[in-house]
Structures are given as C-alpha cells and as structure tokens.
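Asker: Residue numbers (the working numbering): 5 to 418.
Where a beta carbon is used, it is the ideal one built from N, C-alpha and C, also for glycine.
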Ligand SMILES: *Cc1c(COP(=O)(O)O)cnc(C)c1O
C-alpha cells in the first residue's frame, strides 16, 4: 500500500495498523494479556528507556490497542494517536498534559455536559482555569485571552444547540496568540471533519459514539496532528527535547501512564471493526437526519428545528465548507413546552428513549430534565436548553419507519 493514495473508505479497511501480527491475520486479534516478555535484559532496558519500541505492559501500550490507534491516526492524518478508556479520559489526559497550574484555557460555553463539569469543577482545583465564551463572537474570545492562556477548546458541532464554530476564524486567533487549537470531533469523526486541514492542532474523540460501530464499547482517543510548535508550551518543558513529539511523549511516558485510563484490548478490537464501516454508517445517519430535519421544520407543532444541514440554519454555510457535504447525525427541535415534549417522547414506539448519540439506533432525550438537570434555569437558558427542547440522535434505520414514528407522536399532540 505504500505510495498509494487511497480513499477514506479504503484506508479505513486496508490501512495498516500494525504489520507485526505473526500469522498475518486479516483481522488483528485481541491480545488481552497484560505483560510481554523480553529475550534479554538489554532489550528490556532499551524498551524501558524508550530507545526501542516494544510492548511491556498493557496499561501503557498493547498490540490490539496500537492497531486501533494507528488506523485512526491514518484517517486523521495525525502525527500520533493515543487511545483511552473513554472520551472523558481523552479530554482529561490531553488537557492535563499541556496545562500547568496557573495556565488557563478558553472554551466554548456550548459543551458536552461532562466536559463542562470537568473544566469547571475538576480541573480548576489543579489551578487550571477555564474562561467560557460564545465562540460566535471573535471579540469575546480575544477578550478572554491573556498571557497565561494556552489553549482554545471547542466541539465541532455543539449539542443540543447544533452550533458550528468557524475553524478558519479560530485558527487565525490561535495563530495570533500562539494557542493550541483543540477540537472535540466526536460527532463529526475524521470522515466529516478533516481536522488538520481546518487548522486544528489536537483532536479528541469519544470513540464510544460513531467510531465504536454502534455503541459497542466505551472509548476515547487523542490525536496530535503534528501542526503545533510544542516549544511554545511551558507544561511540556521537560519534553521539548522530543521536538514535534513532545506532547505525545509526555502523554505516553507520563500522564497517560500515570492516570492509567487505558483502552481495553477488547474495546480496541470492536472499535477497529467500527472504523471499517464508519463512512457507510455516518453517511446513512446524516442523510436520515437531514430528511427528518426537513420534515420537522414543516410541522406546525414544531416551534424550531436546529440542524446545520437546513439552509435556514445560521451555521449552514460554515458547516458546508467544513464537513464534507454532511451535517451530522444529531438534530434538536422545540415543542411548546415540557408537557408537549414528554407527551411526544412517550408516544414513540420505535425510537428509543436513551442517552448517547451516534448509535446505529435512533435515540431521543429531553435535555432539560436529564443532561442539564443539574443546571439552574438561568444556566439552561444561557446554554439555550429550553423546556420544550428535544434531542434526536438519528440512526441508520429505514427512513420511512422513523418518519412514521415521529408522525404518530406528533399526532398525539393535537
Ligand atoms: C459522549 C461525549 C464525550 C464523552 O465521551 P465518553 O466516551 O462518554 O466518556 C465527550 N464529548 C462529546 C462531544 C461527547 O458526545
């Protein structure tokens, strides 16, 4: 395959993970064991001093996990990828590696709830402060930046608001202030969002979602796209000698090793399987989502539909430029209030009432009473989570069946 320029789908299937599987198995097996033996003490020393790559202990590296990391890295065109036990572990580990006590980051205020809580409640006692901004306003972003700001963090499509940051603008700001531009691309995956081409330096994934192949296992990953000059990152001072590899070196040799949130080999196997069909599943779910968004928009019971695929969305143009002709597999819409939202949700017979997104199955949730139930009414308003808001994560079922189910539930409202 060397020297061939292949399409995304082809790389997803044939792209080399590791070439060291002794039986040349077409599907890389699960190495579920913990420790790996060495022929002699010298080789062991070389491995432990990072002079000769070798697997020693599965918390740090494992062949099956490495196979997944290399495949995902190929699809992201990254410098290196580290798989972790969950999307939250990917965020925690990577942020902890590049931020010291006294540093701060500027983050979108429209974030996955646990990420918001990680920044606000969990990282702040370590002396890492977050300034939350509305990323639609470049002035607000720049006002939040000071001499200790190291990183900008956004999600490629926020949920449940379905807002899309303009990465061209963010990349300009990051370049001007020498900040790391980090993006959580969970909902877009490398199939929809070419993070590197869009100026992102570090991309994080909850591979639990699309990549896992249909909610098969919890997982996460962080990819260094090889585009940031790590000599500008004080938290990596001890690792500057690794040059471009400084971030990955600190992750692998210290933060990931010590935090210990490694991906299980069994999960890596399932997630590698998921990568093979990623393009098919993402395309179908995005097509279904666009059709449902258009259908909902025409219904008088529906006060608003939020989906960047609709030409009426203020994010349509930016999304069209950034996301490979698709707009994601999640939409949200508003009914009159909580009573109507509950009645609608309870009237569905096919669509499942469940949290999670980018499953193969269509899932529905009422964000205000679940994901955002910790927040005050003011906080919910600030995050644009109204009492009538419903989030729909659209799967790959027959579109007609989804339309029937939604139509039936809307009829229950009158
Ligand atoms: C689900 C999710 C996470 C957290 O991932 P887990 O795998 O559940 O830990 C982070 N970011 C986004 C955008 C998510 O959707």
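Thinking just about the alpha-carbon of each residue, which of 29, 34, 31 and 56 is nearest to the one in residue 42?
Answerer: Ranking 29, 34, 31 and 56 by Cα distance to residue 42 puts 56 first.
Asker: Considering only the alpha carbon of each residue, which of 404, 359, 402 and 385 lies closest to residue 396?
Answerer: The residue with the shortest Cα to Cα distance from residue 396 is 359.
Asker: Find out if the Cβ-Cβ distance for the pair residue 348, residue 413 is shorter than 9 Å.
Answerer: Contact: yes.
Asker: Taking residue 405 as part of the alpha helix (DSSP H), name the residues at either end of that continuous run.
Answerer: Run containing residue 405: 403-415, per the alpha helix (DSSP H) assignment.
Asker: Run through the stretch 349-382 for me and flag every whole beta strand (DSSP E) of 3 or more residues, listed as ranges in chain order.
Answerer: The qualifying runs are 367-369.
Asker: Just how far apart, CA to CA, sit residue 90 and residue 274?
Answerer: Taking the straight line from one Cα to the other gives about 14 Å.
Asker: Quick check on DSSP: helix, strand or coil for residue 77?
Answerer: It is helical.
Asker: Counting only beta-carbon separations shorter than 9 Å, does residue 269 have a partner in chain C?
Answerer: Among the protein chains of the structure shown there is no chain C, as only one such chain exists.
Asker: Kindly indicate which residue of 62, 284 and 306 has the alpha-carbon position closest to the one of residue 416.
Answerer: If we check each option's Cα against that of residue 416, 306 comes out closest.
Asker: Might you give, ordered along the chain, the residues of its own chain that have their beta carbon closer than 8 Å to the beta carbon of residue 205, omitting 5 neighbours on each side?
Answerer: So the qualifying residues of the chain are 178, 184, 185, 186, 228, 229, 231 and 232.
Asker: Looking only at its own chain, which residues have a Cβ that is under 6 Å from the Cβ of residue 51, when we skip the five neighbours before and after it?
Answerer: Closer than 6 Å at the Cβ level, and outside the excluded window around residue 51, lie 58 and 60.
Asker: What is the rounded straight-line gap between the Cα of residue 140 and the Cα of residue 161?
Answerer: One C-alpha to the other measures close to 12 Å.
Asker: DSSP on residue 64, reduced to helix/strand/coil?
Answerer: Of the three classes helix, strand and coil, the one that applies to residue 64 here is coil, per DSSP.
Asker: Taking its Cβ as the centre, do 16 or more other Cβ atoms sit within 10 Å of residue 192, making it buried, or is it exposed?
Answerer: With 16 or more Cβ atoms within 10 Å of its Cβ, residue 192 is classed as buried.
Asker: Less than 8 Å separating the Cβ of residue 278 from some heavy atom of ligand 1?
Answerer: No.
Asker: Relative to the C-alpha of residue 301, which residue among 390, 411 and 268 is closest?
Answerer: Nearest option by C-alpha distance: 411.
Asker: Checking 9 Å against the spacing of the C-beta atoms, do residue 333 and residue 293 come in under that value?
Answerer: Yes, the pair counts as a contact, with Cβ atoms nearer than the cut-off.
Asker: Tell me whether residue 208 sits in a helix, a strand or coil according to DSSP, three-state version.
Answerer: In this structure, residue 208 counts as strand in the three-state DSSP scheme.
Asker: Would you say residue 361 touches ligand 1, meaning its beta carbon is less than 8 Å from a heavy atom?
Answerer: Yes - ligand 1 has a heavy atom lying nearer than 8 Å to the Cβ of residue 361.
Asker: Please report the Cβ distance between residue 88 and residue 266, rounded to the nearest whole angstrom; I am assuming they are in contact, meaning their Cβ atoms lie under 8 Å.
Answerer: Residue 88 to residue 266, Cβ: 7 Å. Contact.
Asker: Could you give the DSSP three-state label for residue 321: helix, strand or coil?
Answerer: DSSP places residue 321 in helix when its eight states are reduced to three.
Asker: Between 338, 318 and 221, which has its C-alpha nearest residue 304's C-alpha?
Answerer: Considering only alpha carbons, the answer is 338.
Asker: CA-CA distance, residue 154 and residue 260?
Answerer: Cα to Cα, residue 154 sits roughly 20 Å from residue 260.
Asker: Would you check if the stretch 232-241 and the stretch 99-114 touch, i.e. whether three or more CB-CB distances between them fall below 8 Å?
Answerer: In short, these stretches touch, since the Cβ pair count reaches three.
Asker: Hey, how far is the Cα of residue 213 from the Cα of residue 398?
Answerer: Computed Cα separation, rounded: 12 Å.
Asker: State the Cα-Cα distance for the pair residue 194 and residue 79, rounded to the nearest angstrom.
Answerer: Taking the straight line joining both Cα atoms gives about 6 Å.
Asker: Would DSSP call residue 281 helix, strand or coil?
Answerer: Three-state result, residue 281: coil.
Asker: Which term fits residue 75, buried or exposed, when burial requires 16 or more other beta carbons within 10 angstroms of its beta carbon?
Answerer: Burial call: buried.
Asker: Hey, how far is the Cα of residue 166 from the Cα of residue 123?
Answerer: Spanning the two alpha carbons is a distance of roughly 21 Å.
Asker: Using a Cβ-Cβ cutoff of less than 8 Å, which residues in the same chain neighbour residue 374 once the five nearest sequence positions on both sides are dropped?
Answerer: So the qualifying residues of the chain are 359.
Asker: Thinking residue 169 and residue 112 are a contact (beta carbons under 8 Å), I'd like their distance in whole angstroms, please.
Answerer: At roughly 7 Å, the Cβ-Cβ gap stays under 8 Å, so residue 169 and residue 112 are in contact.
Asker: Within 8 Å: the Cβ of residue 90 and any heavy atom of ligand 1?
Answerer: Residue 90: yes, Cβ under 8 Å from ligand 1.
Asker: Give the list of continuous beta strand (DSSP E) stretches no shorter than 3 residues that lie fully inside the stretch 138-199.
Answerer: The stretch 138-199 contains these whole beta strand (DSSP E) runs: 153-159 and 184-188.
Asker: On the criterion of 16 or more Cβ atoms from any shown chain inside 10 Å, does residue 341 qualify as buried, or is it exposed?
Answerer: With fewer than 16 other Cβ atoms within 10 Å, it is exposed.
Asker: Pick out whichever of 106, 119, 209 and 110 has its Cα sitting closest to the Cα of residue 132.
Answerer: Selected option, being the one with the closest Cα: 106.
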